[in-house]
Every structure is written in structure tokens, then in C-alpha cells.
Amino acid sequence: MGNMQDQSLKGLLVAALFGLLAGCGNGGDGELGPYAGEELWLCKPGITLDRCLELDQTTTFVYEDGSTGVFEHEPVVDAEFDCFYVYPTVDLRPEPGNTLDLSDDTALLRPLHNQAARFTELCDMYAPKYRQMTIGSYAVANTFGSGYFSLGYSDVEAAFDQYLLENPERNFVLMGHSQGAHVLLRLLQERFDNDDENNEALRSRMISALVIGSLGVYEVPEGELTGGSLQNIPLCTGCVVAYDTLAAGDVAQRPVPEQPRVCVNPTALGGEPGIAAITIYNRDEGIPFPSGVETDWIAYPGLYSANCESDGNLGADVAPGRSTLFTPQLIQLVLGSTPASLHLADYNFGIGDLLRIVEVQAANH
């Protein structure tokens, strides 16, 4: 009982912090917002504890001939652009609600480390905490019109306003996954997509948007680049990159979607089409590492293929001419996603291509 009371007290204190600071404005009009301090940021340049920079990302690369090489991760110095990242659902409670206690970062670190942290080799990373809705909230009617979703979205919007206040001229990449992708999609709709001066100004600063793992929420008519969820921001190099990953297989055995999912194959945007440039895994994911690997990260260049399948999913498989025990089908079982998919590894499978895409888009922006 004491622990439950402690958790409730922490939630009330966090809610009070938001309420107190929100009275000072949302940051969009030049006033102090709830994200002006350090407490609500996982990663942000200059904060005392930057969760993206504290991580040892030294990685062992395993090449086609079996040889290996160890490489240290080097965060960029004097980054020319920023990344703004929204993490996926980590509150797995089955009942509808929101995460009110943001004092414990533990559950946030897995997606942060697997998805956002490696981008610090290219950009200054901004990753806010937010009162996201629980996994059980997805079962309520009109999920994205619910107060549960709106509360989490309002936090991210306030964080983005604070970012804009502090960086009025910097270009940026938007990054999100799963619920984070859903939040970013709403942000794109409300702050970027309309034909007004403010929206157009933000569009001109947006290098790219990685709206990944949206699980069918992001909609674009088949064969089109715009329409559906966004009218003025197309699927393309330099715009929106979106996909859902699963192990390649018999499409006929999957549930038939109302319309194919949005699939922008990251391997097709300037790399070797159909071949994932680099796939990186963390030891903590439970995927067995080869003997002799001492780093916490392992990378496989060119080991896997990735192609958009007829139902819009990005199907991952072992690349032609390559062999491995760690097939996407096995990894899918290890990760234990339900229904079976590589949803938890959306960024891992495409990380090498995503890094390259962002780097090229930023250079050409």
C-alpha cells in the first residue's frame, strides 16, 4: 500500500509541475513553457543527464566473410541540424489511462537507445518525456479523439514549442515510433500541413519526418504520395519515411487490411535497393550474440533484405546469397510481438539506411 501511495504522490507532483508551468504559457508565443527546465527531457543539448549521450554505443560489425570490426560511436560536434524524437508506448497497463509519474526513466531507455541515440552521430537530439496513454487506451472508442491521446499529444506539442522557442532558425528532423509516430502524425497535421504562413515556415525547416511503425494509422491512397492523413507533405526523399516491418512471408495468410499500409522502403532511397545497409541490435534484446563479441551492440551490414509487400508491410528476409541463423523469422519470435511482427525492431532493421537518408536529406536541404 505504501508503494502505491508513493506512486500516486509522484503522479500528483508531476501533474502539479505541468499545471504550474503551463500557466506560464506554452512556449509558442515566447513565454516560458513546461519544458523550459531539465526535468522533462530525456535528451537535450546541455542538460545535466543526457540519456542519449550517456550510452556506450561501441558496436561490433560482423561482415559477410565472418570477420569482425569494433567501432566506437562518436557524437557529432557542432551539429548543423537537430532531431526531435517521440518514443513509443512503454506504459503497458491494460486499463485506459496516462503515465502520470515521469520520474522513472527505466522503461523509456529501451526505445530511446535502440531508435534515437545513434542519431547523435548526425544531429543534436531532443527527446521529451510525455504523459503518453497506456496500451489499454488503444481499445477505447475514438482512440485518437480521446482525452488519453490528447493529454500525451499536448505534452509533446508543448515540448516542440519550447524547442522552437530556443531554436528559432534551426532545421530539424522529426522522429517517432508507434505511439510516438501517432503523436507526430497529429503534430504534422496541425502544425505543418495546412496552407498558412506558420505551417509553411515549419515545413521549410523540416528536413525529414520518420513516422515509423504507425501500424496502419498513417493513411495515403494507394499509388499516391499525398492525401489521406496529410495533404501537403508527401511520401518521398526529404519528406515522410514510413513503414511497418515484419518477417517476409506468405501475404495470403495475413489479415486483409482495409487498404495497404504506407510503405517507404528505406533501402530504396539512395542505397542498394532491397538490401538493408546495416542492421544493429542491442544485447539486452535477447537475440543471441556470436561468441567472442564483447560489445553491447552488434551490426550486420547487408545481411538482410527489405521489400514492400502487397499489403504494405515492409518484409524483411535474409539477403540473397547470405546465410544466418538469426533470420528475421527467428528474431520475430524472440521479440515476441503480438500479432507477430518486427514492430519492436522497426528502427533496428533499417537503422543504417535511416541514418544515411537523414544525412543525405540534411545535406540537400
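Residue numbers (this note's numbering): 4 to 368. Think of the CB as a built atom: it goes at the ideal place given N, C-alpha and C, for glycine as much as any other residue.
Looking only at its own chain, which residues have a Cβ that is under 6 Å from the Cβ of residue i, when we skip the five neighbours before and after it?
| i | result |
| --- | --- |
| S344 | L249 |
| M382 | Because the chain in this structure spans residues 4 to 368, residue 382 falls outside the shown range and cannot be described. |
| A82 | C126 and D127 |
| G40 | none |
| R189 | Y156 |
| A162 | Y38 and P131 |
In angstroms, rounded to a whole number, what distance separates the CA positions of residue i and residue j?
| i | j | result |
| --- | --- | --- |
| F147 | A322 | 38 Å |
| G139 | V73 | 41 Å |
| R96 | D108 | 16 Å |
| L115 | P48 | 15 Å |
| A212 | E75 | 27 Å |
| V220 | N202 | 22 Å |
| D251 | G216 | Here the sequence assigns Ala to residue 251, which means Asp is not the residue at that position. Looking at the two C-alpha atoms, the distance is approximately 16 Å. |
| N396 | L333 | With the chain covering only 4 through 368, there is no way to say anything about residue 396. |
| G33 | Q182 | Low confidence applies to G33: its pLDDT is 49, below 50, so where it sits in the model is not reliable, and the reading given next is rough at best. Straight-line Cα distance between these residues: approximately 28 Å. |
| T123 | I360 | 14 Å |
| L105 | E67 | 43 Å |
| P99 | V143 | 7 Å |
| M353 | L103 | The question names Met, yet the displayed sequence has Gly at residue 353. Roughly 32 Å separates the two Cα atoms. |
| P331 | A348 | 10 Å |
| G273 | Q262 | 27 Å |
| T298 | R264 | 36 Å |
| D53 | D356 | 25 Å |
| V244 | R173 | 21 Å |
| V65 | L228 | 37 Å |
| E57 | R113 | 13 Å |
| G324 | Q335 | 21 Å |
| D303 | Q364 | The residue you asked about is not Asp; residue 303 is Tyr in the sequence shown. Cα to Cα, the separation comes out at about 24 Å. |
| L111 | V254 | 33 Å |
| A184 | L358 | 18 Å |
| T327 | G315 | 26 Å |
| D94 | E42 | 19 Å |
| A271 | S313 | 16 Å |
| G69 | P293 | 10 Å |
| I290 | A319 | 16 Å |
| I278 | Y166 | 35 Å |
| T51 | Y133 | 19 Å |
| T92 | V214 | 14 Å |
| D199 | N367 | 24 Å |
To which residues of the same chain is residue i closer than 7 Å at the C-beta, ignoring the five residues directly before and after it?
| i | result |
| --- | --- |
| L317 | Y246, D247, T248, C266, N268, A309 and C311 |
| V186 | V89, G155, Y156, V159 and G179 |
| F195 | N202, L205, R206, M209 and I236 |
| L191 | A212, L233 and I236 |
| C239 | L228 |
Kindly list the residues whose CB is nearer than 8 Å to the CB of residue i, restricted to its own chain and excluding five residues on each side of it in sequence; keep chain order.
| i | result |
| --- | --- |
| W300 | Q60, T61, T62, T63, I283, Y284, N285 and R286 |
| E362 | L125 |
| E275 | G305 |
| G295 | T71 |
| V79 | T123, E124, L125, C126 and D127 |
| D119 | Per the sequence presented here, residue 119 reads as Ala, with Asp not at that position. Closer than 8 Å at the Cβ level, and outside the excluded window around A119, lie C46, C55, C86, Y88, Y90, M128, A130 and M178. |
Please name the residue or residues paired with residue i in a DSSP beta bridge.
| i | result |
| --- | --- |
| L317 | T248 and C311 |
| G230 | L233 |
| P211 | Per the sequence shown, the amino acid found at residue 211 is Ser instead of Pro. Paired residues: V176. |
| Y129 | F87 |
| I281 | P304 |
| F64 | G72 and A302 |
| V243 | A212 and L238 |
| N101 | M136 |
Helix, strand or coil for residue i per DSSP?
| i | result |
| --- | --- |
| I50 | coil |
| G150 | helix |
| L45 | strand |
| V296 | coil |
| L238 | strand |
| Q165 | helix |
| N367 | helix |
| D196 | coil |
| Q262 | coil |
| A39 | coil |
| D158 | helix |
| V220 | coil |
| G355 | helix |
| R206 | helix |
| D81 | coil |
| L56 | coil |
| E288 | helix |
| N201 | helix |
| D253 | coil |
| F122 | helix |
| V143 | coil |
| N268 | coil |
Would you say residue i reaches chain B, if we count a Cβ-Cβ gap shorter than 8 Å as a contact?
| i | result |
| --- | --- |
| T63 | Considering every chain present, this structure includes no chain B. It has just one protein chain. |
Shorter than 7 Å, the distance from the beta carbon of residue i to the closest heavy atom of the ligand MN, or not?
| i | result |
| --- | --- |
| V267 | What this structure holds is no ligand at all, so the ligand MN is not there to describe. |
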